[in-house]
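J.: Counting along the sequence shown from 1, when you hit position 43 you're at 43 in full-length UniProt numbering, and nothing is skipped either side. Ideal Cβ placement from N, Cα and C applies to all residues, glycine included. Remember, predicted model here, so these are calculated numbers, not experimental data.
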Amino acid sequence: MNKRYRYRQKLKENLRKRFRAEYLGQLKHCAWKRCPTSLQIGQNVLVGNDQTKRLSWPLAKVLELYPGKDGNIRVARLKTAHRELLRTLQRLYPMEMTPDSSDSVQQVSESSQPRSRLVITIKVPSRFQDFELK
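1. To which residues does DSSP link N44 through a beta bridge?
2. Looking at C-alpha atoms only, which residue of L86, L63, A76, K53 is the closest neighbour of R20?
3. Report the residue from V47, S56, M95 whose alpha carbon sits nearest the alpha carbon of A76.
4. Find out if the Cβ-Cβ distance for the pair L24, L55 is shorter than 8 Å.
5. What's the gap between the Cα of L39 and the Cα of L89?
6. Distance check for Y7 and N49, CA to CA, integer angstroms please.
7. From what residue to what residue does the beta strand (DSSP E) around R16 run?
8. Determine the closest residue to V62 out of I41, K3, T80, with distance taken between C-alpha atoms.
9. Where do the ends of the beta strand (DSSP E) carrying T88 lie?
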């Protein structure tokens, strides 16, 4: 059991390192004036810091959004792995995946023909027509 726990911990650390190196290293910064994005509650963001590299910025989840006097959202309350904090939107960098992107996945009807990962229609050989595919 102890070996399994160490293996899972090591796997978790390796996945985290790989995610930070591959995904966060390629994540493009978009200036707020060029492509403004509206943050949503529940969205994952990177909390920016000028003193550290982007790869070591903490990930956080947006808990609340606070508007300014003009009605535009200026500050967000975030939950990181270790604490909750308040940050201005200028220091938040949204991840490319938003919480609503899972809703945009199209549901496949059961009457459709089975397809492979390469979106090739699978044809059942004639000798197996009497059997049901599951």
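T.: Let's see:
1. K61
2. K53
3. V47
4. yes
5. 9 Å
6. 32 Å
7. From DSSP, R16 is part of no beta strand (DSSP E) but of the alpha helix (DSSP H) over 2-18.
8. I41
9. 84-88
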